[in-house]
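Right, one structure below, let's go through it.
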Amino acid sequence: MKVARTRAYDKFTRLQQPYLNESPARRPLKIFALDPLSGQTAGNRAVVDVPNEPLAPGPIGERIKVIDYDGTLNCFYAPVNLDEPPILMQSGLEPSESDPRFHQQMVYAVAMRVLENFERALGRNLRFAKGRELRILPHAFRGANAFFDPPTNAVMFGYFSADEGQPGQNLPGQTVFSCLSHDIVAHEVTHAMVFRLREHFSEPTNPDVLAFHEAIADIVAIFQHFTFADVLRDQIQKGHGDVRAPGPLLELAKQFGHGTGRSEALRSALEPNGPNPNDYKTVMEPHARGSLLVAAVFDTFFSAYQARIVDIVRVATGGTGRLPKGDLHPDLVGLMATQAARAAQSILTMCIRAFEYLPPVDVTYGDYLRALVTADFDLFPDDEIGQRAALIEAFRLRGIYPSSVNSLAEESLVWGSARQELPPLDRSIIGNLMTNEVLGPPPGTNGNRSVAGALAEYGRTHADALQLEPEREVEIQGFHPTFRIGANGRVRVDIVAQFVQERPTSPEERAELGGLRLRSGTTVIFSERGEVRYLVAKPLPEEPVVQRGVESRSVKGIREFIEQADENDDLLLWRDTSYLDRRMLERANFAALHRSLGEEP
Amino acid sequence: MSSRAVTVRMYNVGFGDCFLLTFPKDDGVASVLIDCGTHPQSTGPRQARRDAVPQIIDDLKAGGRAPRIDVVVVTHRHKDHVSGFESPDWSQVEVGEVWMPWTENPRDPVATGLRERQANAATALDEVHGLLPESPGRALAAGLIANSLTNEKAMTTLHSGFAGSPKRRFLSAQRDPLQIPLLPNVSVHVLGPSRDEKVIKRLEPPGREAWLHLAEIVRADDSGRRPFDDGWAKSWDEFMTTPAFAPLRPGGQIVGAIRRVGGDDILYAAAGLEKVLNGTSLMLVFEIEGILLLCPGDAQWGTWKSVLEDTRARELVGRATFYKVGHHGSYNATPKSFVKDVLADSAWAAIPVAPVERWKKIPNSALLAAFEARHTWVVQSDSPPAANVPPNVTVRDNVSVDLAFPLPDA
């Protein structure tokens with residue numbers, strides 16, 4: 000006889016110990032660690048766990064909503080209910096190309112991991128405005144592409160039939176789903192995260208802005224590979240300890256590449272011909288330019304990994320440090336894999352943490368290098384394994400120099416502050432912000448709106464010191480406290496605020512600028528006592544100002560960049576006015592696929 | 000004025016190219032016809048096949064002569080450069096030689112492969128285009144695809160037509176100028192297209208991945224092409240009216256964003272193909288006694304770049320007396336640095352063009368301003384000046400414009 004599940008039953012069986020009533024912290028879900036094509040690769044069918052949250056069919060969580068609408072066929076596919084017991088019991092649906100519900104599960108799981116990586120590194124929760132949750136459409140259209148669409152905060156994935164003539168390792172005509180590629184999902188969702196953190200980085204005001212977007216998206220996708228233990232161990236064994244050996248760890252979107260007739264993965268973390276300092280001056284296509292930054296970061300990772308395994312290898316080889324020929328001992332592989340995974344996580348965290356130290360507008364690779372160095376220096380003043388030195392060197396090898404420093408020494412790269420000129424933030428602002436963050440806004444108050452108002456007032460009062468224009472409105476683009484553990488295990492609390500100004504432009508001027516707005520902005524990092532710790536300013540004078548032999552950004556510079564982008568745009572001639580007036584914004588659509596046009600081979 | 004002169008006659012063919020050059024020789028003149036075609040979307044009263052071809056033949060017959068052209072040059076096989084050669088009237092014109100870019104050589108396997116791939120891409124795109132639903136991208140792509148189709152009929156005239164069994168030459172960039180008995184005292188510098196491997200790579204049609212799926216979209220009703228078994232799918236109406244699915248309804252903005260995807264892809268592919276064929280353009284400089292006529296067809300940045308980076312070639316184009324403005328005056332066929340830093344002051348230039356409503360960027364206003372800054376005298380085929388005509392220029396209503404460049408008397 001069956002015991003009916005009644006209220007009495009529930010009450011009786013639910014023990015009083017609170018820990019049993021807590022829902023589990025993590026939810027295990029199955030995914031393809033790489034993509035369906037890599038079926039034979041060890042560890043490709045992986046179980047990952049993501050933070051647990053209540054889910055409705057879709058799945059729909061608090062911040063991620065999977066909508067399986069197919070715009071080409073104008074139909075919907077059945078939404079998965081991840082809380083169904085049979086699915087829960089087996090850690091999610093088995094990987095399957097033919098069941099759309101598995102696809103929904105996989106995009107949800109990968110997106111959650113990206114989100115979690117960002118939240119952990121930043122030390123805060125990333126929320127989306129109400130009704131602006133991240134929408135994911137795993138089968139949005141037929142086409143060899145996938146993209147993030149900022150206006151709808153949606154990530155759209157395409158599916159297509161593998162090239163009949165050159166299917167690579169796919170079957171000719173086989174359906175290739177971009178949403179089943181871990182890398183494409185991680186890449187596109189990262190675009191959404193970057194957009195969430197720095198909305199104005201989708202406004203291409205210099206050649207680095209869009210490339211930076213692409214680079215971060217590839218960096219997250221590649222470093223997430225290192226969390227797949229079986230893939231990692233297999234590659235370390237095959238590469239004889241060298242994680243740079245070509246293979247699935249460093250390749251991006253293999254099936255997609257093959258399916259579109261490339262006979263290779265879409266992109267790789269390695270430069271085919273090594274670093275070339277000229278590339279930064281000549282490579283302009285955002286994905287290719289992004290690869291320069293990816294390679295620099297990967298170099299840094301490789302140095303860190305080497306530094307971490309040197310003692311293990313010494314122990315394993317009786318002090319010689321030379322690994323014997325043949326297979327490595329599985330325990331040694333395990334130890335190396337652990338170190339590789341830690342190094343990867345540490346670099347990924349560093350890459351994301353640097354966001355707090357970026358200007359609100361017009362990012363350059365040089366800014367990013369300074370942000371990386373500052374962020375890392377700020378938490379860990381000692382560069383124990385030489386990670387920062389390796390980072391600076393990797394950028395130098397690729398010809399990437401910040402425009403505003405006179406040496407690549409660490410102390411000149413760390414952002415400065417304007418402590419003398421800027422008074423500390425009022426204690427009440429900090430108090431309100433902290434209360435709202437930790438306890439939630441007290442009833443009857445308008446939440447953080449008064450904090451934003453007070454910060455805007457601070458910006459207006461001190462416009463000059465913030466390198467903003469005194470007569471103009473100051474908008475607070477974002478502000479938040481961060482909680483991090485620094486050296487000596489101390490909790491570090493900082494307050495990050497972004498001040499943005501827009502110079503008014505006439506409709507004609509805006510059409511000339513391809514829809515771009517002329518913005519300047521300053522990011523300020525305050526200590527918990529309200530003192531200015533770092534100041535990252537991007538003023539926007541009309542003409543460039545020469546400072547220490549380097550020109551600053553300027554309206555003139557933006558115009559020149561637009562002109563250059565126009566010259567490289569094969570389609571411009573054939574476009575209509577509605578496109579021309581918005582062309583700079585249209586160029587910022589984050590498609591995974593290289594447009595094969597307009598690139599110099 | 001001297002009795003000996005080099006002349007450039009630009010026929011008005013709407014949006015398209017058609018030039019007749021003459022060079023003095025002992026017994027009269029040697030003549031070179033460069034291109035004769037009108038774009039399918041051209042507006043304006045004059046067209047190549049209907050108007051310009053009979054006009055050219057009439058002009059050749061002037062004074063009771065038998066119609067003859069010493070050299071016919073086709074820069075590349077776009078309709079706006081060749082459509083006039085579809086006319087059967089060419090069979091009565093005697094031609095000495097026909098010059099085409101090396102990519103048209105039927106006996107060159109590399110060229111044949113390229114041509115086949117380009118032609119296949121054009122045909123496939125045209126087919127897909129016809130089936131796609133209406134969209135802004137599709138409308139913009141239409142003219143580009145029509146322009147790139149193989150133009151077989153015109154090419155047949157060029158390869159095997161004309162009276163007088165002309166010799167065919169397939170030219171590529173070469174170091175020494177071409178000198179032929181039919182054009183005495185004229186040196187023809189061939190600056191493009193190159194046979195350099197890198198350049199050849201740029202002549203490949205756009206990757207199939209950029210548009211292949213479009214063919215599948217139009218075949219989507221074929222259930223074999225659906226991504227999942229039908230049991231997994233619900234129709235729009237059924238899903239949108241089921242209350243339980245309300246939280247999963249996509250907003251109109253999302254649906255709109257998806258709709259825009261394919262429309263752009265066809266435009267990308269069509270524009271890519273257009274550029275590839277432009278890239279095969281013959282770029283020639285005719286030189287006689289210090290007068291240089293620069294005729295680049297619709298050469299693209301690749302060809303220009305190698306010219307501007309080569310000291311000799313750069314010096315040569317810098318001495319141009321006359322410049323046939325590439326690609327109807329669009330920004331992508333005349334490097335800014337050429338006008339700004341290389342072209343001599345007070346040169347003469349001609350833009351063969353008729354405004355097409357949707358191509359507002361042709362001719363390019365910045366390019367026109369750059370010419371002005373160098374005091375270049377510029378004439379547009381569709382709007383020759385009515386007043387203040389320089390003495391060496393002759394305007395024949397809306398039919399043609401002649402520019403004469405005098406040579407010292409022999």
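One line per chain: the protein sequences are G and E, in this order. Here the first sequence is numbered in numbering that gives the first Met the number 0, starting from 0 and rising by one per residue. Here the second sequence is numbered in numbering that gives the first Met the number 0, starting from 0 and rising by one per residue. Every residue, glycine too, gets a C-beta built ideally from N, C-alpha and C.
According to DSSP, residues forming a beta bridge with residue 9 of chain E: Here residue 9 of chain E refers to the residue found at position 10 when the second sequence is read from its first residue. DSSP output for residue 9 of chain E lists E/18, E/400 as bridge partner(s).
Would you mind reading off the limits of the alpha helix (DSSP H) that contains residue 170 of chain G? The sequence position of residue 170 of chain G within the first sequence is 171, counting from 1. First-last for residue 170 of chain G: undefined, no H or E at that position.
Would you verify that the beta carbon of residue 194 of chain G is, or is not, closer than 8 Å to some beta carbon of chain E? Taking the first residue of the first sequence as position 1, residue 194 of chain G is located at position 195. Answer no: the Cβ-Cβ gap between residue 194 of chain G and chain E never drops below 8 Å.
Under 9 Å, CB to CB, which of the residues in the region 242-260 of chain E have a partner in chain G? 243, 244, 246, 247, 248, 249, 250, 252, 253, 254, 255, 256, 257, 258, 260
Rounded separation between residue 268 of chain E and residue 101 of chain G - CA only: Indexing the second sequence from 1 puts residue 268 of chain E at position 269. Indexing the first sequence from 1 puts residue 101 of chain G at position 102. Approximately 33 Å between the Cα atoms of the pair.
Could you give the residue range of the alpha helix (DSSP H) that holds residue 236 of chain E? Along the second sequence, read from residue 1 onward, the residue named residue 236 of chain E stands at position 237. First-last of the alpha helix (DSSP H) with residue 236 of chain E: 235-240.
Every unbroken beta strand (DSSP E) inside the region 331-405 of chain E [3 residues or more]: 347-350, 376-379, 392-395, 399-405
Checking 8 Å against the spacing of the C-beta atoms, do residue 370 of chain G and residue 357 of chain G come in under that value? Along the first sequence, one-based indexing puts residue 370 of chain G at 371. Along the first sequence, one-based indexing puts residue 357 of chain G at 358. Yes, the pair counts as a contact, with Cβ atoms nearer than the cut-off.
Comparing alpha-carbon positions, which option in G/161, G/178, G/177 lies nearest residue 170 of chain G? Numbered from 1 along the first sequence, position 171 holds the residue referred to as residue 170 of chain G. Measuring from the Cα of residue 170 of chain G, the nearest candidate turns out to be G/161.
Mind checking whether residue 208 of chain G and residue 187 of chain G have CB atoms under 8 Å apart? Within the first sequence, numbered from 1, the residue matching residue 208 of chain G stands at position 209. Within the first sequence, numbered from 1, the residue matching residue 187 of chain G stands at position 188. Taking 8 Å as the Cβ cut-off, residue 208 of chain G and residue 187 of chain G do not qualify as a contacting pair.
According to a CB-to-CB cut-off of less than 7 Å, which residues of the region 360-374 of chain E neighbour chain G? 360, 361
Cα separation between residue 440 of chain G and residue 433 of chain G? Working through the first sequence from its first residue, we reach residue 440 of chain G at position 441. Working through the first sequence from its first residue, we reach residue 433 of chain G at position 434. If you take the alpha carbons of residue 440 of chain G and residue 433 of chain G, they lie about 9 Å apart.
Name the one or two DSSP bridge partners that residue 479 of chain G has. Taking the first sequence and counting its residues from 1, the one referred to as residue 479 of chain G is at position 480. Looking at the DSSP assignment, residue 479 of chain G forms a beta bridge with G/495.
Please report whether the beta-carbon of residue 10 of chain E lies at a distance below 8 Å from any beta-carbon of chain G. Residue mapping note: residue 10 of chain E aligns to position 11 of the second sequence, counting from 1. False, the Cβ-Cβ gap to chain G never drops below 8 Å.
Which residues of chain G have a Cβ atom closer than 9 Å to the Cβ of residue 330 of chain E, listed in chain order? Stepping through the second sequence from its first residue, residue 330 of chain E is reached at position 331. Within 9 Å Cβ-Cβ: 565, 566, 571, 572.
Quick one: what's residue 186 of chain E bridged to in DSSP? The count along the second sequence starts at 1 and reaches residue 186 of chain E at position 187. In DSSP, residue 186 of chain E forms a bridge with E/286.
Spell out a yes or no on whether the region 25-39 of chain G and the region 175-182 of chain G are touching, meaning 3 or more CB-CB pairs, one atom from each, closer than 8 Å. yes
Per-residue contacts from residue 357 of chain E into chain G (C-beta, under 7 Å): The residue you call residue 357 of chain E lines up with position 358 of the second sequence. Chain G residues near residue 357 of chain E: 575.
Flag this pair as touching only if the region 288-302 of chain E and the region 526-544 of chain G have three or more C-beta atom pairs under 8 Å; answer yes or no. no
Chain A contact residues for residue 182 of chain G, given Cβ-Cβ distances below 8 Å: Given the protein chain composition of this structure (G and E), no chain A is represented.
Can you list, in chain order, the residues of its chain whose CB lies under 8 Å from that of residue 603 of chain G, leaving out five sequence neighbours each side? Lying before the first or after the last residue shown, residue 603 of chain G is absent from chain G, which here runs from 0 to 600.
Would you mind stating whether residue 269 of chain G and residue 232 of chain G have Cβ atoms separated by less than 8 Å? Position 270 of the first sequence, counting from 1, holds the residue named residue 269 of chain G. Position 233 of the first sequence, counting from 1, holds the residue named residue 232 of chain G. No, the pair does not count as a contact, with Cβ atoms beyond the cut-off.
Return no unless some Cβ of chain G is closer than 8 Å to the Cβ of residue 14 of chain E. Along the second sequence, one-based indexing puts residue 14 of chain E at 15. With 8 Å as the cut-off, residue 14 of chain E does not count as an interface residue toward chain G.
Considering only the beta carbon of each residue, do residue 368 of chain E and residue 339 of chain E sit closer than 8 Å? Numbered from 1 along the second sequence, position 369 holds the residue referred to as residue 368 of chain E. Numbered from 1 along the second sequence, position 340 holds the residue referred to as residue 339 of chain E. Cβ distance not < 8 Å, so residue 368 of chain E and residue 339 of chain E don't count as in contact.
I'd like to know if the region 440-460 of chain G and the region 554-572 of chain G are in contact, where contact means that at least 3 CB-CB pairs between them fall below 8 Å. no
Chain E residues whose Cβ lies nearer than 8 Å to that of residue 134 of chain G: Looking up residue 134 of chain G in the first sequence gives position 135. Simply 249, 253.
Can you name the residues of chain G whose CB is closer than 8 Å to the CB of residue 225 of chain E? By 1-based counting over the second sequence, the position of residue 225 of chain E is 226. Those are 72, listed as they occur along chain G.
Of the residues E/16, E/64, E/110, E/59, which one's Cα is nearest the Cα of residue 41 of chain E? Taking the first residue of the second sequence as position 1, residue 41 of chain E is located at position 42. Measuring from the Cα of residue 41 of chain E, the nearest candidate turns out to be E/16.
Note down, in chain order, each residue of its chain lying with its Cβ closer than 6 Å to the Cβ of residue 248 of chain G, except the 5 sequence neighbours on either side. One-based indexing of the first sequence puts residue 248 of chain G at position 249. Counting only Cβ-Cβ distances below 6 Å, and skipping sequence neighbours, we find 224, 234.
Beta carbon proximity, residue 477 of chain G to chain E, threshold 8 Å: To locate residue 477 of chain G, count along the first sequence from 1; it is residue 478. Not one chain E Cβ lies under 8 Å of residue 477 of chain G.
Please report how far the alpha carbon of residue 555 of chain G lies from the alpha carbon of residue 578 of chain G, in whole angstroms. Residue numbering aside, residue 555 of chain G sits at position 556 when the first sequence is read from its first letter. Residue numbering aside, residue 578 of chain G sits at position 579 when the first sequence is read from its first letter. Answer to the nearest angstrom: the Cα atoms are 22 Å apart.
Based on DSSP bridge pairs, tell me the residues matched to residue 637 of chain G. Any question about residue 637 of chain G goes unanswered here, given that chain G covers just 0 to 600.
Under a three-way DSSP split, which group does residue 203 of chain E fall into? For the purposes of this step, residue 203 of chain E is taken as the residue at position 204 of the second sequence. Correct three-state label for residue 203 of chain E: coil.
From G/482, G/45, G/79, pick the residue whose C-alpha is nearest to that of residue 56 of chain G; which is it? Taking the first residue of the first sequence as position 1, residue 56 of chain G is located at position 57. Measuring from the Cα of residue 56 of chain G, the nearest candidate turns out to be G/79.
Rounding to the nearest angstrom, what Cα-Cα distance links residue 366 of chain E and residue 510 of chain G in this structure? Residue 366 of chain E sits at position 367 when you count from the first residue of the second sequence. Residue 510 of chain G sits at position 511 when you count from the first residue of the first sequence. Distance between the alpha carbons of residue 366 of chain E and residue 510 of chain G is about 19 Å.
DSSP three-state label for residue 283 of chain G, please. Numbered from 1 along the first sequence, position 284 holds the residue referred to as residue 283 of chain G. Three-state result, residue 283 of chain G: coil.
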